[in-house]
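Visitor: For the sequence shown, my numbering assigns the number 19 to the initial residue and increments by one for each residue that follows. Where a beta carbon is used, it is the ideal one built from N, C-alpha and C, also for glycine.
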Amino acid sequence: MPGTAIQRLVRQSPQKMRLVADLIRGKDVNEAYAILKFNKKL
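1. Less than 8 Å separating the beta-carbons of I24 and L41?
2. In three-state terms, what does DSSP make of D46?
3. CB K59 to CB K34, shorter than 8 Å?
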């Protein structure tokens, strides 16, 4: 079952958030978490 996350009033540029979202889109939860854990963009 696909999930959706929505966050409002984030103090990051949309371009930076889009880069991060593109990195994890389509990955399973554990793989996405590992990518986000070591990503310096956040």
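Guide: So, from the data block:
1. In this structure, L41 does not lie closer than 8 Å to I24 by Cβ.
2. D46 carries a coil assignment under DSSP once its states are collapsed to helix, strand and coil.
3. Yes, they are a contact pair.
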